[in-house]
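In the working numbering, the protein residues as written are 518 to 1453. Beta carbons are placed, not taken as given, at the ideal position from N, Cα and C, and that holds for glycine. Before any comments, here is the structure.
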């Protein structure tokens, strides 16, 4: 639900932005919306299905039916002082909530009264699904939007379920007992606890919604062709061939009326899902797009829990298809169903108790510990095939989904599921769009603290979402996305090959304790290539240990055992080329596996080999299968599996990603903090911002334009930054030489003379800045030179500024992206950031650890730490500046842009020479609002 402030003159209009789809505790969905006068009959029907006990709890007396006056009162609202919301499934009410604004005596009131009485009623069949909790979140957001700050509720002591809804919400509350009634008062201002409660409920509900899809007890394939071939018949056969443990039904309206079974598969055949005499958990839809709405309606009426829509002809096919896609999602959600697709490849779960292959993959992959998500069917096929070909016996899949247009269920939902899934230790994702970057990074950070999340993102440079993906646009460059993902602990790789390479290593090896790598093998040249690759990827390789081409498997075993025992080694890369002698690839594999098994140290081992047929397979064979004889046939070696790579660069890249992730995980175990500074005046800054926005006439523009930003003047910018302890070096205008001299007299020599016109700012290449002007003659001469070089004073807007100490010129920026939120950026000023893109980015709020990592992560960071004998600069002061800017934009979402350039970092202190602040009315924070599914 959005929380757009009410506009004058529209207070009584139907507030469509309050509508929302929510996932309930059991994984089903409900639609929440304001109640209207047209809902009279729905309200009466709903009330008739509520038990007498629930009615008694609501009205504190027997209340068998609603009078006409009640129905009118409960369906007519002004959407300001009196508001009612309903939760609906299939268009029918399943729960309602309402508030009435009251004054201090409990009498009906209007604003500015800040209190309202709230009451709920939930149909008995839907109690326990978390409907009331979801409604409370949304009615609280509505109340805050309308200026209400507190809810009061009177509840009978026996109504323990409703008391629990209030007390578990996480809001600050007061509780009393008067006249046999529990009186509750809730402060509606969100708290850390209420936000934590919302997110915990969101995680459980969305994980459960995926669980319902991925572990069904029964599946109906709708669109099963009568002849072999076609998507429906293919999925049906794949389900059966994979050994699905549940019940399978074939559905096709063209089946003969007397058909009972589909042969030769031998499964029950039905002309409609409504004809299936038992519950259906999952429906796979493989019919033409124009037939899908009727199929969805039948599934909804039958109580199907979820859909996998393979049908094409939706968002990927143009404007009509996008409209069809939106209607599909709305229709499915109205029945409480979630959708994978449309245009999906399917869904796989290899768990022994499920064995679901509801996809177009011809075989069920080997069971394992990898969760795999792909937005592309073609990439999904390639990943499944590649992992099977390269890693048979080494790794396997726990679950797989190819989401197609991912109009509903997305990667975020599967992250929620895999976070707690005991069968998944590693998450691999191919993404072409990130619909909610703020939520994705939050979920990814939480999951990455437990298990690796590896992502490759397609469509990096297209500037738009792929066809069919209905997601908000984002202005964030791909380099920024990469930094934000790494801040969240996500392993970002560039290609599908790297995704598989990194996944193989992480799924089969322990994480390295550090970056130190031992290299050993029988080829000095291959070892040197590996050594160079380690340096390129930021690892610290030891000198290679050359076993010579005459080495036998026993030599490899002894060398590997020694490297694993070396306390100065965190990981080992074994290089191998064909050798002289009779030993087989199985012998070498056995020797290496035996050395790893005998070592008490848990260190990752990878093998790089050239033209040794069968070695990768022998290293990946499961316990007890063809380990070979001789040197490597020890019983312990049979239980060890080692990934092999055909190129040193690929093995080292995977190892480097594992090392970086391991370091992030160690640091995440003790997260940084957002410091408090005594000299920050948050309230004063808020007052300044309110006055400045009003003075500039800033208004909240409707989508898609969004808020229109205003740029503050230099004095206003300096005053606002000063509230956060950020001083800008004073600069005075110099419209003529005499003014320049007077300005220098006020500031004190030496001074700087520079232009501030937009087309000349930060253009050091034009030679338009004069430094260290020690007196009036030098200043006048510099003024004449700049006006001759750059133009008239009114064109250049020259200013005189105090001299700052020598140091390193840097730039600090903060900007608001509608999808990702506030992003803090840092780099060296000039060519490094502008030409080379050497800039580091972090999501706000930035912690002290984030700030320290940020300034050290740019490629030109050595210039800050005494490169080539230069004096190191004050990085502690620089980190503090980053933290203060982060606090400013985090505390005040009206600050939609902040540019500090240049910022000179000297050996002692930092000096801000120029700053620009942009303000706009605060945009809605969807991540802080009530839970809801993305709007379609």
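Rounding to the nearest angstrom, what Cα-Cα distance links residue 1011 and residue 648 in this structure? Indexing the chain shown from 1 puts residue 1011 at position 494. Indexing the chain shown from 1 puts residue 648 at position 131. Residue 1011 and residue 648: Cα-Cα distance of roughly 42 angstroms.
Inter-residue spacing [alpha-carbon to alpha-carbon] between residue 1374 and residue 1357: Walking along the chain shown from the start, residue 1374 turns up at place 857. Walking along the chain shown from the start, residue 1357 turns up at place 840. So the two alpha carbons sit approximately 7 angstroms from each other.
Assuming residue 1174 is part of the alpha helix (DSSP H), what are its boundary residues? What you label residue 1174 is simply residue 657 of the chain shown in a count that begins at 1. Element bounds for residue 1174: 1165-1185.
Go to residue 573, then tell me how far its alpha helix (DSSP H) extends in each direction, as first and last residue. Here residue 573 refers to the residue found at position 56 when the chain shown is read from its first residue. Start and end: 569-576.
Close-in-space but distant-in-sequence residues of the same chain around residue 1143 (CB under 8 angstroms, 5 per side omitted): Translated into the one-based positions of the chain shown, residue 1143 becomes position 626. A caution first: residue 1143 carries a pLDDT of 43, below 50, which makes its placement in the model unreliable, though a value can still be read off. Only residues of its own chain outside the window of five on either side were considered, and among them 1103, 1135 have a CB closer than 8 angstroms to the CB of residue 1143, listed in chain order.
Note down, in chain order, each residue of its chain lying with its Cβ closer than 7 angstroms to the Cβ of residue 818, except the 5 sequence neighbours on either side. In the chain shown, residue 818 corresponds to position 301, counting from 1. 791.
Say whether the stretch 631-647 touches the stretch 660-673, bearing in mind that this needs 3 or more beta-carbon pairs closer than 8 angstroms, one atom from each stretch. yes
At what residues does the beta strand (DSSP E) containing residue 974 begin and finish? For the purposes of this step, residue 974 is taken as residue 457 along the chain shown, with counting starting at 1. Its beta strand (DSSP E) spans residues 970-974.
Report buried or exposed for residue 1042, applying the criterion of at least 16 other Cβ atoms within 10 angstroms of its Cβ. Start at 1 with the first residue of the chain shown, and residue 1042 comes out as number 525. It is exposed - the Cβ of residue 1042 has fewer than 16 other Cβ atoms within 10 Å.
Looking only at C-alpha atoms, which of 540, 969, 1031 sits nearest to residue 646? Residue mapping note: residue 646 aligns to position 129 of the chain shown, counting from 1. That would be 540, whose Cα lies nearest to the Cα of residue 646.
Using 8 angstroms as the Cβ pair cut-off and three pairs as the minimum, do the stretch 884-893 and the stretch 917-924 touch? With the cut-off at 8 angstroms, the stretch 884-893 and the stretch 917-924 touch.
For the candidate residues 711, 1125, 1273, whose alpha-carbon lies nearest to that of residue 1311? As a working note, residue 1311 is residue 794 in the chain shown. Of 711, 1125, 1273, the residue nearest in Cα terms is 1273.
Thinking C-beta only, is residue 1173 closer than 9 angstroms to residue 1051? On the chain shown, residue 1051 is found 534 positions in, with the first residue counted as 1. On the chain shown, residue 1173 is found 656 positions in, with the first residue counted as 1. The answer is yes: Cβ separation under 9 angstroms.
Residue 1039 vs residue 1067 beta-carbon contact at 9 angstroms: Translated into the one-based positions of the chain shown, residue 1039 becomes position 522. Translated into the one-based positions of the chain shown, residue 1067 becomes position 550. Yes, these two residues count as a Cβ contact at 9 angstroms.
Three Cβ pairs or more, each shorter than 8 angstroms: is that satisfied between the stretch 592-602 and the stretch 613-631? The stretch 592-602 vs the stretch 613-631: in contact.
Please say whether residue 1414 and residue 1245 have beta carbons closer to each other than 9 angstroms? Against the chain shown, residue 1245 aligns to sequence position 728. Against the chain shown, residue 1414 aligns to sequence position 897. Going by C-beta atoms, residue 1245 is not nearer than 9 angstroms to residue 1414.
Which residue from 695, 688, 887, 1234 puts its Cα closest to that of residue 712? Indexing the chain shown from 1 puts residue 712 at position 195. It is 688.
Report the partner residues of residue 682 according to the DSSP bridge assignment. The sequence position of residue 682 within the chain shown is 165, counting from 1. Answer is none; residue 682 lacks a bridge partner.
Between residue 1435 and residue 1239, what straight-line distance do the alpha-carbon atoms span, to the nearest angstrom? Sequence index remark: in the chain shown, residue 1435 carries index 918 (1-based). Sequence index remark: in the chain shown, residue 1239 carries index 722 (1-based). Straight-line Cα distance between these residues: approximately 16 angstroms.
According to DSSP, simplified to helix, strand and coil, what is residue 795? As a first step, residue 795 is located in the chain shown; it is residue number 278 there, counting from the start. Residue state, collapsed to three classes: coil.
Where does the unbroken beta strand (DSSP E) through residue 490 begin, and where does it stop? This structure gives no information on residue 490, because the portion of the chain shown stretches from 518 to 1453.
Rounded separation between residue 1348 and residue 1304 - CA only: Within the chain shown, numbered from 1, the residue matching residue 1348 stands at position 831. Within the chain shown, numbered from 1, the residue matching residue 1304 stands at position 787. Rounded to the nearest whole angstrom, the C-alpha separation of residue 1348 and residue 1304 is 25 angstroms.
Could you spell out where the alpha helix (DSSP H) holding residue 809 opens and where it closes? Position 292 of the chain shown, counted from the start, is the residue given in the question as residue 809. Counting along the chain, the alpha helix (DSSP H) containing residue 809 begins and ends at 809-819.
Residues in the same chain with beta-carbon distance under 6 angstroms from residue 1469, minus the five sequence neighbours each way, listed in chain order, please. Past the edges of the chain, shown from 518 to 1453, lies residue 1469, and the structure says nothing about it.
Which complete alpha helix (DSSP H) runs does the stretch 1383-1419 hold, if anything under 4 residues is left out? 1392-1408
Residue 1424 and residue 1390: beta carbons closer than 9 angstroms? Here residue 1424 corresponds to residue number 907 of the chain shown, with the count starting at 1. Here residue 1390 corresponds to residue number 873 of the chain shown, with the count starting at 1. Yes; because the gap between Cβ atoms is below 9 angstroms, this pair is in contact.
With a CB to CB cut of under 6 angstroms and the five nearest residues on each side skipped, what residues in its chain are close to residue 964? Looking up residue 964 in the chain shown gives position 447. Cβ neighbours of residue 964 beyond the five flanking positions: 932, 936, 970.
Give the DSSP bridge partners of residue 1449, in chain order. Along the chain shown, one-based indexing puts residue 1449 at 932. For residue 1449, which the question treats as bridged, DSSP gives no partner whatsoever.
For residue 863 and residue 898, what's the separation of their Cα atoms in angstroms? The sequence position of residue 863 within the chain shown is 346, counting from 1. The sequence position of residue 898 within the chain shown is 381, counting from 1. Distance between the alpha carbons of residue 863 and residue 898: 10 angstroms.
So, is residue 854 buried or exposed, given that buried needs 16 or more other C-beta atoms within 10 angstroms? If you number the chain shown from 1, residue 854 lands on position 337. Buried, by the Cβ-count rule.
Residue of 859, 1129, 875, 1446 minimising C-alpha distance to residue 866: As a working note, residue 866 is residue 349 in the chain shown. Among 859, 1129, 875, 1446, the Cα nearest to that of residue 866 is on 875.
Is residue 1085 helix, strand or coil by DSSP? Here the question's residue 1085 lines up with position 568 in the chain shown. It is coil, neither helix nor strand.
Three-state class that DSSP yields for residue 1251 in the structure shown: By 1-based counting over the chain shown, the position of residue 1251 is 734. In the structure shown, residue 1251 sits in coil (DSSP, three-state: anything other than H, G, I, E or B).
Whole-Å CB distance - residue 1126 paired with residue 1176, under 8 angstroms assumed: Here residue 1126 refers to the residue found at position 609 when the chain shown is read from its first residue. Here residue 1176 refers to the residue found at position 659 when the chain shown is read from its first residue. The pair is not a contact, with the Cβ atoms about 22 angstroms apart (cut-off 8 angstroms).
Can you list, in chain order, the residues of its chain whose CB lies under 7 angstroms from that of residue 1148, leaving out five sequence neighbours each side? For the purposes of this step, residue 1148 is taken as the residue at position 631 of the chain shown. Since pLDDT at residue 1148 reaches only 34, below the 50 mark, its modelled position is unreliable, and no value is offered.
With a threshold of 8 angstroms (Cβ to nearest heavy atom), would residue 1226 be considered close to the ligand HEM? No copy of the ligand HEM occurs in the structure displayed, which carries no ligand at all.
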